[in-house]
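Below is one structure; the comments refer to it alone.
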Amino acid sequence: MPPVIGKWKMESQRKEYGQALVELGKKKTDIVVLDADLSSSTQTGMFAEAFPERFFNCGIAEANMMDTAAGLAASGKTVFASTFAVFGTGRCYDQIRQSIAYPKLNVKIVVSHAGITVGGDGASHQTIEDIALMRVLPNMTVIVPADAPQTRNVIFKIVDFHGPTYVRIGRADVPTITNADEKFEIGKASVVRDGDDITLIGTGIMVSKCLLAAEELKKHKISTKVVNMSTIKPIDEKTIVKCARETGAIITAEEHSILEGLGSAVAMILGENATIPMRRVGIPDIFGESGDSEELMIKYGLTSENIVNASHEVLSRKK
Amino acid sequence: MDSLSAEEIKDLTDRATRIRQHIVKMTKEAGSGHPGGSLSAVEILTCLYFKILNHDPKNPSWPERDRFILSKGHAAPALYAVLAEAGYIPVDELKSLRKLGCRLQGHPSMTCTPGVEMSTGSLGHGLAVANGMALAAKLDRKLHRIYVLCGDGEMDVGEIWESAMLASHYKLDNVVMYLDRNMLQLDGPTEKIMSIEPLADKWKAFGWNVQEIDGHDMREILMATEHASQKHGKPSVIICHTVKGKGVSFMEGSLKFHGKAPTNEECTKALEELGICRQ
Ligand SMILES: Cc1ncc(C[n+]2csc(CCOP(=O)(O)OP(=O)(O)O)c2C)c(N)n1
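Protein chains in written order, with this note's numbering: chain A, 12 to 330; chain B, -10 to 268.
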């Protein structure tokens, strides 16, 4: 069973990533890791220390890193390439598109410091559009782990999955809501709480906010289903349609622009398969700013309260 | 400019010290930020805003002004401190760095802060943007000049070399780049992470007028800048040899203080070293 709601341990996804790489590096000698002068932040530095001969720091040259990754992958290596999410997507989009996604190469782009929880660094470093950019690329798999244990499970899963993969993790420690022994399947959402009246579909750190919202809604006698949509692409269409049929109302929640992320993906599926009242909770179509992570979550509408309010609105439209 | 009087030098040195104090205090107050690369660039910025730039803090959008772009945007604390000293923003505002709703964003934003000419933070863009401004000045037959500050780690960025080519191709002699050669980037020493030497030869090969100076010696900074302004038909780079964290003993040459704010105690100690009592 998941830990008691709200009494969550705060743990680092980045640390899990670094440790997972070291463990996998021992078993699999074909793994190589690249970074772009951020290995002390992304935690690929752990791998660099353990396997210096299989780690390549490319310097502040993300485009160069992605094409180098492609070359390594085309030569049979399993490549992990890491930097901050903002630099690992927009800055090297052409390299990812032309040399990784199009030729379907086995490069795992694992990026940290996604979203506005980056905090003080401000808008230049807060990517709110990376899911959108990656989701639209053919052949790309897009994964947003909800917490530290799931980050580990995702890394252990994708290492054996052949193909371009984008994994998005955060800077700040996040509440641990999944169990370490929970199996992660690419493209398979998990229902983390069952309910009949409404479904909250969250991704990344917003899954914990959905769980908090569900507790709050319970006080209003609203029975809430919560789904952890950790794979954004290929998205679990079956689960979305099933939840739509079962509860007749859906909220999505993501630490990403309201445009073209999880919410859009779900809305498209609902539009074509099961038109029911739905609402997207996410960052409005504006850039972020400096501030404390929690303050920013409030200012940009990413709290459990925002989810509760959206739920009431959607339920009022439900027939 | 080599005829700087002793008073002028003292005035500049005092300003540089005050700017260092601001940097230490504001990053401590913010609890995050980049003191190391801010402190290494203090003399360069001080010379720019108090001797080199033709500008008017009361009229930040004066069309004839010289432009300065902080390409290594993480040194924002240094830029804000110098903008405050120059009168673009109140000194008291410095403590709002990185706070929700503030004008002093973690990395410079031209839509938030008066005096900031370009939004930066993602490394490697500044020189190309400077080239754009320099081309516009030439088109409009304006005489103002464009100055840009880059980091040595920033030299890893491919776009730097694309823009180096463009500047010499279009003979942008109204562009001057200061290169903060403090020998460190984020993950370690530049020559260990990604070797960039021979740096001066690279810039020469790209068609630039190259000078190498002590980046903490203000006479040298001013003389090199003067020399750059006399070179026609070529952009100029001034490789400034500096020390990351300069001025605070425990930050000098320290990787840790690249992107970490001082604690309360560290701040006190730093301010003592910088020669003032806390207010
Ligand atoms: C494109 C990009 N990649 C990565 C970063 C993260 N980052 C911030 S500062 C820095 C190191 C910069 O080194 P340098 O240019 O030498 O600056 P300095 O040592 O003078 O602070 C890095 C990698 C960034 N800001 N932009």
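Note that beta-carbon positions come from the ideal geometry of N, C-alpha and C, so glycine has one too.
On a predicted model such as this, the values are computed, not experimentally measured, just so you know.
{"query": "With a threshold of 16 other CB atoms inside 10 Å of the CB of Val147 (chain A), please say whether the residue is buried or exposed.", "result": "exposed"}
{"query": "Is Asn68 (chain A) close to chain B? Criterion is C-beta to C-beta, closer than 7 angstroms.", "result": "yes"}
{"query": "When the Cβ atoms of the segment 64 to 83 of chain A are set against those of the segment 104 to 118 of chain A, are three or more pairs found closer than 8 angstroms?", "result": "yes"}
{"query": "Measuring alpha carbon to alpha carbon, tell me which residue in A:Arg65, A:Ile154, A:Ser135 is nearest Val247 (chain A).", "result": "A small correction: the amino acid at residue 247 (chain A) is Asp; Val does not occupy that position in the sequence shown. Closest by alpha carbon: A:Ile154."}
{"query": "Name, going along the chain, the residues of the segment 24 to 53 of chain A whose beta-carbon falls closer than 7 angstroms to a beta-carbon of chain B.", "result": "Asp48, Leu49, Ser50, Ser51"}
{"query": "Counting only beta-carbon atoms, is Asp0 (chain B) nearer than 7 angstroms to chain A?", "result": "no"}
{"query": "Can you find a heavy atom of ligand 1 that lies under 6 angstroms from the Cβ of Asn171 (chain B)?", "result": "yes"}
{"query": "Less than 7 angstroms between the C-beta atoms of Val118 (chain A) and Val97 (chain A), yes or no?", "result": "no"}
{"query": "Mapping the DSSP letters down to three states, classify Ala112 (chain A) as helix, strand or coil.", "result": "helix"}
{"query": "Roughly how many angstroms lie between the CA atoms of Met172 (chain B) and Ser184 (chain B), to the nearest whole one?", "result": "10 angstroms"}
{"query": "Using 8 angstroms as the Cβ pair cut-off and three pairs as the minimum, do the segment 52 to 67 of chain B and the segment 83 to 102 of chain B touch?", "result": "yes"}
{"query": "Phe91 (chain A) bridges to which residues according to DSSP?", "result": "A:Val44, A:Lys119"}
{"query": "Distance, Cα to Cα, Ser275 (chain A) vs Ala321 (chain A)?", "result": "16 angstroms"}
{"query": "Which complete alpha helix (DSSP H) runs does the segment 46 to 129 of chain B hold, if anything under 4 residues is left out?", "result": "65 to 75, 115 to 128"}
{"query": "At which residue ranges does the segment 207 to 250 of chain A contain complete beta strand (DSSP E) runs of 3 or more residues, listed in the order of the chain?", "result": "209 to 213, 235 to 239, 242 to 244"}
{"query": "Given a cut-off of 7 angstroms, decide if Arg204 (chain A) and Val237 (chain A) are closer than it, judged by their beta-carbon atoms.", "result": "yes"}
{"query": "Report, in whole angstroms, the separation of the C-beta atoms of Val292 (chain A) and Ile262 (chain A), which I expect to be a contact under 8 angstroms.", "result": "6 angstroms"}
{"query": "By the 8 angstroms beta-carbon criterion, what residues does the segment 18 to 41 of chain B contribute toward chain A?", "result": "Ala19, Gly20, Ser21, Gly22"}
{"query": "Three or more beta-carbon pairs under 8 angstroms between the segment 231 to 238 of chain B and the segment 196 to 210 of chain B, yes or no?", "result": "yes"}
{"query": "Would you mind stating whether Arg321 (chain B) and Leu263 (chain B) have Cβ atoms separated by less than 7 angstroms?", "result": "There is no way to answer for residue 321 (chain B), as the model of chain B reaches only from -10 to 268."}
{"query": "Give the single residue among B:Ala75, B:Leu93, B:Ala119, B:Lys193 whose Cα lies nearest to the Cα of His44 (chain B).", "result": "B:Ala75"}
{"query": "Which two residues bound the contiguous alpha helix (DSSP H) that contains Arg182 (chain A)?", "result": "Unbroken run through Arg182 (chain A): none, as it is neither H nor E."}
{"query": "Please list, in chain order, all residues of the same chain as Met144 (chain B) whose beta carbon is under 6 angstroms from its beta carbon, the five residues on each side excluded.", "result": "Ile185"}
{"query": "Suppose contacts are defined by Cβ-Cβ distances below 7 angstroms. Is Ser304 (chain A) in contact with Thr128 (chain A) by that definition?", "result": "yes"}
{"query": "Using 7 angstroms as the limit for Cβ to Cβ distance, is His96 (chain B) near chain A?", "result": "yes"}
{"query": "Check each candidate in A:Ala159, A:Gly17, A:Arg102, A:Arg179 and name the one with the smallest Cα separation from Asp192 (chain A).", "result": "A:Ala159"}
{"query": "For the alpha helix (DSSP H) that contains His158 (chain B), what are its first and last residues?", "result": "147 to 158"}
{"query": "Hey, Leu175 (chain B) and Cys139 (chain B): beta-carbon distance below 7 angstroms or not?", "result": "no"}
{"query": "Between Ala81 (chain A) and Gly206 (chain A), what straight-line distance do the alpha-carbon atoms span, to the nearest angstrom?", "result": "44 angstroms"}
{"query": "Under the assumption that His124 (chain A) contacts Gly70 (chain A) (Cβ atoms under 8 angstroms), give the Cβ distance between them as a whole number of angstroms.", "result": "In fact, because the Cβ distance is near 18 angstroms, the residues do not count as touching under 8 angstroms."}
{"query": "Starting from the Cα of Ala255 (chain A), find the closest Cα among A:Met279, A:Gly302, A:Glu271, A:Asn68 and give me that residue.", "result": "A:Met279"}
{"query": "For ligand 1, is there a heavy atom less than 6 angstroms away from the beta-carbon of Phe246 (chain B)?", "result": "no"}
{"query": "Can you pull the chain A residues whose beta carbon is under 9 angstroms from the beta carbon of Met183 (chain B), in chain order?", "result": "Asp48, Asn68, Cys69, Gly70, Ile71, Ala72"}
{"query": "Straight-line CA distance for Leu89 (chain B) to Thr314 (chain A)?", "result": "17 angstroms"}
{"query": "Could you round the C-beta distance between Glu73 (chain A) and Thr94 (chain A) to whole angstroms and report it? I think they count as a contact, below 8 angstroms.", "result": "6 angstroms"}
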